[in-house]
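Please read the structure below before turning to the comments.
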Amino acid sequence: MRELISKYGILIVLGVMVAIMSFLSPRFLTVSNFFNISRQISVMAIVAVGMTFVILSAGIDLSVGSIVALTGIMVSFFIQRMDLPIFIAVFGGLAVGLTVGLGNGILIAKVRIPFFIVTLATMVIGRGLCFIITGGFPISQLGTSFQQIGRGYVGFLPVPVIIMFMIYALAYLILHHTSFGRYVYAIGGNEEAAKLIGLPVDRIKMFIYGICGLTSGIAALILTSRMNSGDPNMGTGMELDAIAAAVIGGTSITGGKGWIWGTLIGAYIMGILNNGLNMLDVSAYYQMAIKGLVILLAVQLQRGMETK
Amino acid sequence: MDFALRMSGITQTFPGVVALDDVDFRVRRNEIHALIGENGAGKSTLVKIMSGVLTQDAGMIEFNGQRVSMTNPQQAQCLGISTIFQDLHLFPDLSVAENILMGREPKIRGTMIDWHELHRRAAELLNEIDVDIETKKLVRQLSIAQKQMVMVARALSQNASLIIMDEPTATLTSVEIENLFVLIRKLKANGTTVVFISHKLDEIFEITDRITILRDGKNVGELDTNGTSIDEVIRLMVGRTLEEEFPERFSDIGAEIISVMDLSTHQGVKKVFLNIHAGEVVGLFGLVGAGRSEVARAIFGIDRIESGQINMNEEPLRIKSPTEAIAQGIAFATEDRKHQGLVLGMSVKENITLPNMKSITTFSFIRHHAEDALVDDYIGRLNIKTPGKDQETQNLSGGNQQKVVIARWLCAKPKLLILDEPTQGIDVGAKREIYLLINELVSDGMAILLISSELPEILGMSDRVYVMHRGRVTGEFDKPGFNPENILACAAGIA
Amino acid sequence: MKRLVVCVAAIAFCFSMSCADKKDDKEIIIGASLLTMQDDFYITLNQGLYDAADAVKEYNVKVISRNADLKLNKQIGDIEDFIQQGIDLLIVSPVSPTAIGPTIDEANRNGIPVVTVDIRSEEGDVKTHIMSDDVDAGRVCAQFIADYLEGQGEVGIITHPTLTSGINRVVGIREVIAKYPGMSIIAELNAESRREKAMSLMEDMIISHPEIDFVVGINDVMTLGAMASIEGAGKMNEIKAVMVCGGQKEAFDRFKANDPCLKGAALVYPYKIGTRAIEVSIDILNGLDTPEEILVPVKLLTSENVVELEREWRNK
Numbered sequence: 200m201r202e203l204i205s206k207y208g209i210l211i212v213l214g215v216m217v218a219i220m221s222f223l224s225p226r227f228l229t230v231s232n233f234f235n236i237s238r239q240i241s242v243m244a245i246v247a248v249g250m251t252f253v254i255l256s257a258g259i260d261l262s263v264g265s266i267v268a269l270t271g272i273m274v275s276f277f278i279q280r281m282d283l284p285i286f287i288a289v290f291g292g293l294a295v296g297l298t299v300g301l302g303n304g305i306l307i308a309k310v311r312i313p314f315f316i317v318t319l320a321t322m323v324i325g326r327g328l329c330f331i332i333t334g335g336f337p338i339s340q341l342g343t344s345f346q347q348i349g350r351g352y353v354g355f356l357p358v359p360v361i362i363m364f365m366i367y368a369l370a371y372l373i374l375h376h377t378s379f380g381r382y383v384y385a386i387g388g389n390e391e392a393a394k395l396i397g398l399p400v401d402r403i404k405m406f407i408y409g410i411c412g413l414t415s416g417i418a419a420l421i422l423t424s425r426m427n428s429g430d431p432n433m434g435t436g437m438e439l440d441a442i443a444a445a446v447i448g449g450t451s452i453t454g455g456k457g458w459i460w461g462t463l464i465g466a467y468i469m470g471i472l473n474n475g476l477n478m479l480d481v482s483a484y485y486q487m488a489i490k491g492l493v494i495l496l497a498v499q500l501q502r503g504m505e506t507k
Numbered sequence: 015m016d017f018a019l020r021m022s023g024i025t026q027t028f029p030g031v032v033a034l035d036d037v038d039f040r041v042r043r044n045e046i047h048a049l050i051g052e053n054g055a056g057k058s059t060l061v062k063i064m065s066g067v068l069t070q071d072a073g074m075i076e077f078n079g080q081r082v083s084m085t086n087p088q089q090a091q092c093l094g095i096s097t098i099f100q101d102l103h104l105f106p107d108l109s110v111a112e113n114i115l116m117g118r119e120p121k122i123r124g125t126m127i128d129w130h131e132l133h134r135r136a137a138e139l140l141n142e143i144d145v146d147i148e149t150k151k152l153v154r155q156l157s158i159a160q161k162q163m164v165m166v167a168r169a170l171s172q173n174a175s176l177i178i179m180d181e182p183t184a185t186l187t188s189v190e191i192e193n194l195f196v197l198i199r200k201l202k203a204n205g206t207t208v209v210f211i212s213h214k215l216d217e218i219f220e221i222t223d224r225i226t227i228l229r230d231g232k233n234v235g236e237l238d239t240n241g242t243s244i245d246e247v248i249r250l251m252v253g254r255t256l257e258e259e260f261p262e263r264f265s266d267i268g269a270e271i272i273s274v275m276d277l278s279t280h281q282g283v284k285k286v287f288l289n290i291h292a293g294e295v296v297g298l299f300g301l302v303g304a305g306r307s308e309v310a311r312a313i314f315g316i317d318r319i320e321s322g323q324i325n326m327n328e329e330p331l332r333i334k335s336p337t338e339a340i341a342q343g344i345a346f347a348t349e350d351r352k353h354q355g356l357v358l359g360m361s362v363k364e365n366i367t368l369p370n371m372k373s374i375t376t377f378s379f380i381r382h383h384a385e386d387a388l389v390d391d392y393i394g395r396l397n398i399k400t401p402g403k404d405q406e407t408q409n410l411s412g413g414n415q416q417k418v419v420i421a422r423w424l425c426a427k428p429k430l431l432i433l434d435e436p437t438q439g440i441d442v443g444a445k446r447e448i449y450l451l452i453n454e455l456v457s458d459g460m461a462i463l464l465i466s467s468e469l470p471e472i473l474g475m476s477d478r479v480y481v482m483h484r485g486r487v488t489g490e491f492d493k494p495g496f497n498p499e500n501i502l503a504c505a506a507g508i509a
Numbered sequence: 005m006k007r008l009v010v011c012v013a014a015i016a017f018c019f020s021m022s023c024a025d026k027k028d029d030k031e032i033i034i035g036a037s038l039l040t041m042q043d044d045f046y047i048t049l050n051q052g053l054y055d056a057a058d059a060v061k062e063y064n065v066k067v068i069s070r071n072a073d074l075k076l077n078k079q080i081g082d083i084e085d086f087i088q089q090g091i092d093l094l095i096v097s098p099v100s101p102t103a104i105g106p107t108i109d110e111a112n113r114n115g116i117p118v119v120t121v122d123i124r125s126e127e128g129d130v131k132t133h134i135m136s137d138d139v140d141a142g143r144v145c146a147q148f149i150a151d152y153l154e155g156q157g158e159v160g161i162i163t164h165p166t167l168t169s170g171i172n173r174v175v176g177i178r179e180v181i182a183k184y185p186g187m188s189i190i191a192e193l194n195a196e197s198r199r200e201k202a203m204s205l206m207e208d209m210i211i212s213h214p215e216i217d218f219v220v221g222i223n224d225v226m227t228l229g230a231m232a233s234i235e236g237a238g239k240m241n242e243i244k245a246v247m248v249c250g251g252q253k254e255a256f257d258r259f260k261a262n263d264p265c266l267k268g269a270a271l272v273y274p275y276k277i278g279t280r281a282i283e284v285s286i287d288i289l290n291g292l293d294t295p296e297e298i299l300v301p302v303k304l305l306t307s308e309n310v311v312e313l314e315r316e317w318r319n320k
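Heads up: the sequence lines are chains A, B and C, in that order.
In terms of my numbering, the first sequence opens at residue 200 and continues consecutively.
In terms of my numbering, the second sequence opens at residue 15 and continues consecutively.
In terms of my numbering, the third sequence opens at residue 5 and continues consecutively.
And the structure:
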């Protein structure tokens with residue numbers, strides 16, 4: 200029941216925001232703007248899926264932004280400099296994301312370096328690699344077929360939005376209908392107990408960080424395609440947006456509790472905030488302050504509802 | 015009568031348990047007063063209340079004739095009540111002098127620490143209690159006994175008139191205990207009042223003036239030490255005959271399930287031997303820190319085995335992880351179910367099936383109907399009282415939490431079930447249900463290793479008992495030969 | 005133990021790699037503390053510094069550049085290290101025009117003359133300041149828009165208001181637009197010099213201001229990001245773009261390909277700022293008088309003159 204209320208809590212926050220924005224801007228509540236917002240959040244929301252797995256297991260992955268950049272640059276490199284077929288370049292890029300994520304997992308689970316330090320290091324190393332590979336300049340003009348991933352439509356649905364919903368559905372399936380998902384929650388809830396019960400905690404953790412790397416890689420494909428360019432600066436600060444989306448969506452920062460659809464709602468709340476404030480031509484400085492306040496309010500509102 | 019501390023009508027409840035029920039506790043000025051009782055009798059709760067760690071739900075505290083209310087340990091210290099807990103709260107990387115005068119360091123012109131004065135004052139305090147420790151030494155380098163002395167000196171520096179010692183002798187050698195008693199007598203001679211908590215009755219009779227006995231959260235006796243006997247104290251502590259508390263069992267003891275030979279681990283298990291048969295409950299008794307849980311951890315594959323051998327069904331057992339132990343039919347319900355057992359934020363259902371996912375999944379996809387049926391079955395069989403199987407386990411009482419842990423392992427259908435302190439912190443009714451469950455399991459042919467620090471439980475439930483002291487097995491007893499005094503002697507390492 | 009040895013060896017190796025500089029008589033060391041190295045304007049400027057240093061014949065000029073990463077404390081630390089190292093001259097693009105003052109004084113006290121590039125320092129004794137004529141760059145862009153739209157239309161600006169160059173360029177844009185009563189600026193948005201940010205800002209602008217005719221970005225990255233969303237929305241024929249161009253290859257390529265959206269640019273010469281900075285530095289060290297301010301002019305870049313201007317830009 201409490202869980203149910205906290206789920207509705209976040210929906211109420213979303214509803215209130217939509218109502219306010221629609222009232223203030225006539226162009227807000229339109230189908231085309233809905234798809235616009237969905238497309239804008241798709242990259243961050245996909246990163247937030249992996250982040251939700253990690254936070255559920257009582258970890259944090261600070262390296263997602265750098266994984267996005269590294270994957271984006273490698274894909275651009277494969278396409279532009281090596282002239283590889285799109286299909287192979289895409290898989291190569293995903294392999295980069297997955298590998299970096301698994302590398303995080305191995306250092307955390309096997310070498311036993313604290314997750315915060317591992318992912319902080321990966322974040323800095325990854326960003327450094329991006330600048331080394333590109334010399335600081337973006338790799339642009341990746342051709343029209345690659346652009347379909349970020350800019351294409353199936354019927355009236357933008358491709359990135361389709362990919363986003365598919366990944367959320369898949370994550371839901373894994374978290375709530377497989378034993379692996381159950382183990383993710385158990386490790387976050389009580390790692391000591393999970394070990395004593397005989398769960399393969401180390402292996403599960405590796406997979407969790409691997410998933411986070413993979414979702415960052417998928418997000419990178421969309422972002423790179425949308426920008427038609429692999430930019431060494433891309434994805435900067437995305438780790439914080441992804442953490443914020445998960446936490447606004449009700450995932451406990453100490454692990455063990457959370458709801459994957461909550462993360463999607465959290466991503467929409469952040470996206471609507473961005474979009475709405477832009478529509479209202481609110482100055483960038485005010486936007487920052489307002490966003491911080493809304494994060495605090497959303498989380499507090501949920502907690503208030505939970506304890507009632 | 016002149017009381018240093020008078021607590022009356024103290025009541026304290028925790029979810030599912032009444033820890034203290036209208037308890038009166040009176041300590042006369044300048045006496046050494048023993049507080050005793052079985053595990054779970056409410057001693058530690060009472061100590062926490064008188065030291066300000068907990069605030070009582072109901073009741074009144076008078077200290078030196080003044081009514082006081084304490085909401086944190088600092089307030090108690092200001093009043094002159096100092097508590098020396100078992101886990102000594104010291105700063106290991108600071109010097110003895112700094113620890114003694116922490117927060118009250120002498121200053122030069124109110125800013126910089128006057129190191130010379132600091133060490134002089136600390137030495138003076140240690141001298142006062144005839145203790146010889148170099149004040150510049152780091153606390154890390156001290157023995158436990160010396161650390162206790164530092165705590166006492168700190169208490170004196172705070173002008174404590176009442177010092178509470180929570181099982182101070184549990185981890186000391188006999189020489190150190192003698193030194194401690196000299197110190198306690200000295201404190202008394204200097205006018206300090208001491209509350210002394212211990213499991214060891216011989217110590218109680220050696221050092222204390224009066225005794226208060228708690229049982230099941232009630233004060234069941236306040237005696238002059240000179241006017242009573244060990245037998246009377248035990249009778250008051252236990253308060254019931256073993257037959258009443260422990261249900262009768264009918265089971266046939268079968269073939270040997272597991273045998274442990276010369277088992278040693280890096281965690282302090284030394285050349286331990288034991289064996290358990292099908293349909294048998296084997297008790298493993300010892301004081302806290304004797305190495306009982308460590309034996310269980312080694313059998314279950316958590317700790318690496320240094321030397322020795324474990325045979326299961328007369329085949330050598332080679333396991334390196336709990337996963338393998340479970341596959342071999344071993345289950346281990348750990349002590350401290352909140353930290354090591356349950357995932358408190360997960361539901362009853364999820365906790366029960368967590369180690370048993372294989373039986374309810376197809377290609378690792380959960381068959382929700384199968385899971386629900388399995389869980390409903392165990393909730394019914396173990397009579398787990400929960401509003402529903404989706405209830406989070408943190409909202410359950412201790413007894414029902416313990417049943418969830420046991421249910422989880424029964425799902426795994428083990429041949430050997432290790433229960434580590436299964437009745438710790440749960441009330442009498444729930445205890446009896448757990449005992450009935452143990453009986454049912456062994457009569458179905460399961461082997462059970464019961465680890466407990468409650469002697470009545472060990473005596474009442476076991477077919478055989480092994481006693482441990484400092485990592486070694488110091489005694490083995492068969493049911494007809496159970497003798498509490500001999501068992502306690504083995505546990506204390508003096509047999 | 006073995007691991008420890010490997011670690012120590014690795015660290016020692018790194019140090020030996022980075023400390024390989026020894027000074028001889030004819031050597032001049034110039035320290036450059038640049039605002040950032042993650043931006044093509046500064047990467048190109050930095051390249052100009054190095055190339056010009058190589059071109060100097062009379063001395064063996066060595067440039068060491070450090071990335072302040074937009075952080076004042078890092079910049080101050082880097083400059084203090086330079087002073088310790090005993091550099092002969094300091095080139096700096098301040099993170100903060102005011103807070104850098106004491107550090108410049110510190111360098112002067114140690115006999116190190118200071119030259120600023122791109123961003124002016126409000127305080128301290130600076131020999132020469134070299135910058136693009138940013139206000140003029142803004143004017144060139146806005147004039148191009150006004151001519152293109154014949155004085156009628158709506159303009160959106162994408163800027164980065166924490167950069168001095170950004171502020172100056174916007175001043176120039178507003179100055180010209182104000183002269184045309186038929187034109188108005190409908191939004192001025194901050195994309196923090198990030199391509200992805202510019203992209204989503206532009207998406208929102210297309211929806212909230214569908215009547216927009218022109219977008220002007222104060223640098224390459226953000227303008228190209230905005231164009232990505234114009235193209236994504238298929239509005240290349242309705243909404244045109246103009247930028248202040250720092251010389252990104254993609255921008256030149258688009259002009260060469262007669263891009264339907266990108267119509268013009270004010271081309272700035274960061275490379276020239278770099279080379280001029282070295283030339284001025286050598287003059288200062290030779291005891292010659294140098295001007296207080298050097299403005300490197302900007303030129304209007306369009307599809308017509310792209311081949312010629314790119315050659316000139318690359319020829320440096």
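We treat Cβ as the ideally placed atom computed from N, Cα and C, and that holds for glycine.
Taking a 10 Å sphere around the C-beta of Lys493(B), we find fewer than 16 other C-beta atoms and assign the residue as exposed. Between the C-alpha atoms of Phe259(C) and Arg70(C) there is a straight-line separation of about 33 Å. The beta carbon of Gln438(B) does not come within 8 Å of any beta carbon belonging to chain A, so the residue lies off that interface.
Interface flag for Asn235(A) against chain B is unset, since no Cβ pair is found closer than 8 Å. Asp71(B) and Val234(B) have their C-alpha atoms roughly 20 Å apart.
If only complete runs of 4 or more residues are kept, the segment 263-331 of chain A shows the alpha helix (DSSP H) at 263-275 and 285-308, in order along the chain.
In summary, Asn172(C) is buried, with 16 or more beta-carbon neighbours lying within 10 Å of its beta-carbon over all protein chains present. In this structure, Ala288(A) sits near Val274(A), with a CB-CB distance shorter than 8 Å. Residues of chain C with a Cβ closer than 8 Å to the Cβ of Phe336(A) are, in chain order, Asp44, Ile47, Gln252 and Lys253.
At least one CB of chain B lies nearer than 8 Å to the CB of Thr377(A). Taking 7 Å as the Cβ-Cβ cut-off, the segment 475-498 of chain A approaches chain C at Asn477, Met478, Asp480 and Ala483, given in chain order. In the same chain as Ile149(C), and ignoring 5 residues on each side of it, the C-beta atoms closer than 7 Å to its own belong to Val159, Phe218, Val220 and Val246, in chain order. In the structure shown, Ser339(A) falls within a strand segment according to DSSP collapsed to helix, strand and coil.
With fewer than 16 neighbouring CB atoms inside 10 Å of its own CB, Leu495(A) falls in the exposed class.
Sorting Ile361(A), Ile459(A) and Met487(A) by C-alpha distance to the C-alpha of Leu472(A) places Met487(A) at the top. By the Cβ-count criterion, Pro436(B) is buried, with 16 or more other Cβ atoms from all chains shown falling within 10 Å of its own Cβ. A contact between stretches requires three or more CB pairs, one per stretch, nearer than 8 Å, and the segment 21-39 of chain B meets this requirement with the segment 227-242 of chain B.
The three-state reading of DSSP puts Ser424(A) in helix, counting H, G and I together. CA-CA distance, His375(A) to Ile234(C), rounds to 40 Å. Not flagged as an interface residue toward chain B: Leu228(A), since no C-beta distance is shorter than 8 Å. With respect to the 8 Å criterion, Ala310(B) and Leu450(B) are not classified as neighbours on the basis of their beta carbons.
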